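Data block below; observations after.
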Amino acid sequence: MTLVPAHGLALKLARLAVILAIIAAWEAASRTGLVNPRLLPSASETLAMLVNLLGRAAVRNDLGVTAMEVLSAFALAVPLGCLLGFLIAENRYSADVVKPLLFFAFSIPKSIFLPMFILVFGVGFAQKVGFGFFSTIFIVIMSTTTAVESVRVEYLTVARSYAATPAQTAFRVYLPAMLPVLLEALRIAMIFNLTGVILAEMYASRDGFGHQIATWGENFQMPQLLAGVVLIAVIAIAFNELIRWVETRCSHWRT
Amino acid sequence: MQPLANVTPLNPLARAGAIEVRNVSQVFKTANQDVVALSDVSLDIRPGRFVVLVGPSGCGKSTLLMMMAGLQRPGSGTIRINGAPIEKPDPNRVGVVFQEASLFPWLTAEDNVEFPLALRGVAKTERRAKAEEALKLVGLEGFGKRHPHELSGGMKQRVSIARGLVQDPPVLLMDEPFAALDEQTRMTMGDELLRIWAATGKTVVFVTHSLTEAVYLADEVVVMSARPGRIVDTLQVQLPRPRTYDMLSGDTFGALRDRIWRHIRKSA
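Chains as they are written, first to last, in this note's numbering: chain E, 37 to 291; chain X, 4 to 271.
Structure (structure tokens):
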């Protein structure tokens, strides 16, 4: 039998099959004792625990705290990063001066600054948002400069020849031309942001879902820990896919 | 009583569509030398004429066109359109058609055409009506909802022309608009442009590398030379209109093209 070229639906089904196979292997490994079930609770047990956890007010409260921190850091870092990136890239001189410095800053692992954030902000909301912001802003600035550079100079000449004001050029030319690259930046920024906030919660915190995960780990509560991991993974993937869906809708003209 | 300033002068260069280039020079400074892009260029273009600028690369023909569009300021000298100096882009006096990739790919054909009107805050219904009219003029009726990537190269340039005409400026400036098209499409687009020009009575200034295209389209061919960029000859093309494909092989056509070629060979 020869393989027919896979397309749309077939590919999706194949992907689903891979996921199901992994879950089945996980279940089997745990049940047969191939892997110690105390280290790796089965998929079904993890799922049951997840449902149980979501029923607890304390867990929902922690999720709410984390969501607030993530969204606050994101809402601060993205517009500010876009604005800074735009200002840097729009001027040739500032781009030449600042861009290498951004690469320097970006290459440093952000986690080493975490103790300083605790010293400055204490342990709490501001520390998490501050660190989430710090983890995110560099990638937003860098992506925005790339996005600005992706705007063809012909488009700007056209806008100028029809006497567009700077605001009209920004919103009618720069923004739509940059949108596909910006959406991708948003997606990647969220990954950095989520990592930053959860790391800050795991490192030193009194609440938040990252704090819960750290506690479950320290107490060797594997079903809770795995359920938490699955939950965060699902949320992160869902956000990523949402933005990717918007991306494909907004960049149909990019061929 | 009418104030004197409002009385229209009888000078033909002050009429709608007249272009007056006076002693325009431009020097570009590079790291090790000054390049004279344009040296004391003067040129009068009467309203409604089809004028083609030709010359070797670096002769400053595109620079001159960009100056007429108000997109570049001359180092010295003046350019007047409708009798008034042009110091910055003025879409009411000048429409510009660029090379192929100048349409906004995220907008449909009609939104591209409406773009100049949208910038001026013209109401949606009026905008749409004018865009439809302009698209009809360039032979693209019914293609308004398509995006540029769904159009052929020739169709894209028709949309660009419609965008240049939508505000009904007396002057249309075209910077090598058909350079990226294949030979057949290029010929067809030339005929289409002449039809549109005849229908609208615009003054057209057209920059090209193609000598055949220059003679085929023009009332007047302005030949420029490089280093320094200046005008070396102005030819009146007396061929009757409408121009036809047969004229390309005629003696008049050949003589004109040879004369341009000799100038360009000398300076290149």
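Even for Gly, the Cβ is constructed at its ideal location relative to N, Cα and C.
All of these numbers come straight from a predicted model, not from anything done at the bench.
- Message: Judging by CA-CA distance, which residue of X:206, X:62, X:113 is the nearest neighbour of residue 28 of chain X?
- Response: On the second sequence, position 25 is the one that residue 28 of chain X refers to. That would be X:62, whose Cα lies nearest to the Cα of residue 28 of chain X.
- 8 Å Cβ cutoff, residue 93 of chain X in contact with chain E: Along the second sequence, read from residue 1 onward, the residue named residue 93 of chain X stands at position 90. For residue 93 of chain X, the answer is yes, since a Cβ of chain E falls inside 8 Å of its Cβ.
- Query: Residue range of the alpha helix (DSSP H) that residue 171 of chain X falls in?
  - Reply: The residue you call residue 171 of chain X lines up with position 168 of the second sequence. Element bounds for residue 171 of chain X: n/a, residue is neither H nor E.
- Message: Alpha carbons only, please: which of X:240, X:188, X:171 is nearest the one belonging to residue 103 of chain X?
- Response: Indexing the second sequence from 1 puts residue 103 of chain X at position 100. When each option's Cα is compared against that of residue 103 of chain X, the closest is X:188.
- Message: Distance check for residue 82 of chain E and residue 260 of chain E, CA to CA, integer angstroms please.
- Response: The residue you call residue 260 of chain E lines up with position 224 of the first sequence. The residue you call residue 82 of chain E lines up with position 46 of the first sequence. Cα to Cα, residue 260 of chain E sits roughly 7 Å from residue 82 of chain E.
- Backbone CA spacing between residue 5 of chain X and residue 22 of chain X [nearest angstrom]: Looking up residue 5 of chain X in the second sequence gives position 2. Looking up residue 22 of chain X in the second sequence gives position 19. Only weak support is given to the placement of residue 5 of chain X: the predicted model assigns it a pLDDT of 45, under 50, and the question is left unresolved by the model.
- Message: Suppose the cutoff is 6 Å on Cβ atoms and the five residues either side in sequence are ignored; what does the same chain contact list for residue 238 of chain E look like?
- Response: Locating residue 238 of chain E in the first sequence gives position 202, counting from the first residue. Excluding sequence neighbours, residue 238 of chain E sits near 246, 250.
- Do we get a CB-CB distance below 8 Å when we pair residue 62 of chain E with the residues of chain X? Here residue 62 of chain E refers to the residue found at position 26 of the first sequence. By this cut-off, residue 62 of chain E is not an interface position.
- Item | Cβ of residue 264 of chain X within 8 Å of any chain A Cβ | Absent from the structure: chain A. Protein chains present are E and X.
- Item | Closest Cα partner of residue 66 of chain E within the set E:57, E:76, E:45, E:288 | Residue 66 of chain E sits at position 30 when you count from the first residue of the first sequence. For the residues E:57, E:76, E:45, E:288, the minimum Cα distance to residue 66 of chain E belongs to E:76.
- Task: Give a yes or no on whether the minimum CB-CB distance between residue 37 of chain E and chain X is below 8 Å.
- Result: Sequence index remark: in the first sequence, residue 37 of chain E carries index 1 (1-based). Because the pLDDT of residue 37 of chain E is 49, which lies under 50, any placement of that residue in the model is unreliable, and the number read from its coordinates should be weighed accordingly. Cβ-Cβ to chain X under 8 Å: no for residue 37 of chain E.
- DSSP on residue 209 of chain E, reduced to helix/strand/coil? Indexing the first sequence from 1 puts residue 209 of chain E at position 173. Helix, per DSSP.
- Item | Counterpart residues of residue 32 of chain X in DSSP-defined beta bridges | Sequence index remark: in the second sequence, residue 32 of chain X carries index 29 (1-based). Partner(s): X:37.
- Message: Residues in the same chain with beta-carbon distance under 6 Å from residue 38 of chain X, minus the five sequence neighbours each way, listed in chain order, please.
- Response: Here residue 38 of chain X refers to the residue found at position 35 of the second sequence. Taken in chain order, the residues that qualify are 31.
- With respect to the beta strand (DSSP E) encompassing residue 80 of chain X, which residues constitute its N-terminal and C-terminal limits? In the second sequence, residue 80 of chain X corresponds to position 77, counting from 1. Looking at the DSSP string, the run of the beta strand (DSSP E) that includes residue 80 of chain X is 79-84.
- Task: Tell me whether residue 18 of chain E sits in a helix, a strand or coil according to DSSP, three-state version.
- Result: This structure cannot settle anything about residue 18 of chain E, because the visible part of chain E is limited to 37 through 291.
- Query: Under 8 Å, do residue 54 of chain X and residue 233 of chain X count as touching if we go by C-beta distance?
  - Reply: Position 51 of the second sequence, counted from the start, is the residue given in the question as residue 54 of chain X. Position 230 of the second sequence, counted from the start, is the residue given in the question as residue 233 of chain X. Contact flag unset, no.
- Please list the segments of the alpha helix (DSSP H) lying wholly inside the stretch 100-146 of chain X, counting only runs of 4 or more residues, in order along the chain. 112-122, 127-140
- Let me know the secondary structure DSSP gives residue 115 of chain E once reduced to three states. Along the first sequence, read from residue 1 onward, the residue named residue 115 of chain E stands at position 79. It is helical.
- Query: Closest by CA to residue 257 of chain X, which one among X:218, X:168, X:133?
  - Reply: Locating residue 257 of chain X in the second sequence gives position 254, where the first residue counts as 1. Ranking the options by Cα distance to residue 257 of chain X, first place goes to X:218.
- So what's residue 164 of chain X in DSSP terms, helix, strand or just coil? Translated into the one-based positions of the second sequence, residue 164 of chain X becomes position 161. Residue 164 of chain X falls in the helix class under three-state DSSP.
- Task: Report buried or exposed for residue 156 of chain E, applying the criterion of at least 16 other Cβ atoms within 10 angstroms of its Cβ.
- Result: By one-based count along the first sequence, residue 156 of chain E stands at place 120. Exposed is the call here.
- Item | For residue 71 of chain E, three-class secondary structure by DSSP | On the first sequence, position 35 is the one that residue 71 of chain E refers to. Coil at residue 71 of chain E, not helix or strand.
- Query: Measuring from the CB of residue 283 of chain E, is there a heavy atom of the ligand NAD at a distance below 7 Å?
  - Reply: This structure simply doesn't include the ligand NAD, nor any ligand for that matter.
- Task: Could you tell me whether any Cβ in chain X is nearer than 8 Å to the Cβ of residue 188 of chain E?
- Result: Residue mapping note: residue 188 of chain E aligns to position 152 of the first sequence, counting from 1. Yes, residue 188 of chain E lies at the interface with chain X (some Cβ there is under 8 Å from its Cβ).
- Task: Residues of the stretch 104-125 of chain X with a CB closer than 7 Å to any CB of chain E: list them in chain order, please.
- Result: 104, 105, 107, 108, 109, 118, 119, 122
- Message: Any contact between the stretch 106-113 of chain E and the stretch 166-175 of chain E? By contact I mean 3 or more CB pairs, one from each, below 8 Å.
- Response: yes
- If you compare alpha carbons, which of X:231, X:213, X:206 is closest to residue 222 of chain X? For the purposes of this step, residue 222 of chain X is taken as residue 219 along the second sequence, with counting starting at 1. Comparing Cα positions, the closest option is X:206.
- Message: Under 9 Å, CB to CB, which of the residues in the stretch 188-215 of chain E have a partner in chain X?
- Response: 188, 190, 191, 193, 194, 195, 196, 197, 198, 199, 200, 201, 204, 208, 209, 212, 213, 215
- Message: For residue 266 of chain X, count the other beta carbons within 10 Å of its own beta carbon; 16 or more makes it buried, fewer makes it exposed. Which is it?
- Response: Residue mapping note: residue 266 of chain X aligns to position 263 of the second sequence, counting from 1. Buried is the call here.
- Under a CB-based cut-off of 8 Å, is residue 101 of chain X close to chain E? Numbered from 1 along the second sequence, position 98 holds the residue referred to as residue 101 of chain X. Closer than 8 Å: yes.
- Message: Any beta carbon of chain X sitting closer than 8 Å to that of residue 252 of chain E?
- Response: In the first sequence, counting from the first residue as 1, residue 252 of chain E sits at position 216. By this cut-off, residue 252 of chain E is not an interface position.
- Task: Have a look at residue 197 of chain X and residue 247 of chain X and give me their C-alpha separation to the nearest angstrom.
- Result: Here the question's residue 197 of chain X lines up with position 194 in the second sequence. Here the question's residue 247 of chain X lines up with position 244 in the second sequence. Computed Cα separation, rounded: 11 Å.
- Item | residue 280 of chain E vs residue 74 of chain X beta-carbon contact at 8 Å | Within the first sequence, the letter at position 244 stands for residue 280 of chain E. Within the second sequence, the letter at position 71 stands for residue 74 of chain X. No, Cβ-Cβ distance for residue 280 of chain E and residue 74 of chain X is not below 8 Å.
- Task: Could you tell me which residues DSSP puts in a beta bridge with residue 56 of chain X?
- Result: What you label residue 56 of chain X is simply residue 53 of the second sequence in a count that begins at 1. Answer is X:210, X:225, bridged to residue 56 of chain X.
- Query: In chain order, what residues of the same chain lie with their CB nearer than 7 Å to the CB of residue 116 of chain X, ignoring the 5 residues before and after it?
  - Reply: The residue given as residue 116 of chain X occupies position 113 in the second sequence. Closer than 7 Å at Cβ, skipping near neighbours: 134, 137, 138, 162, 165, 166, 169.
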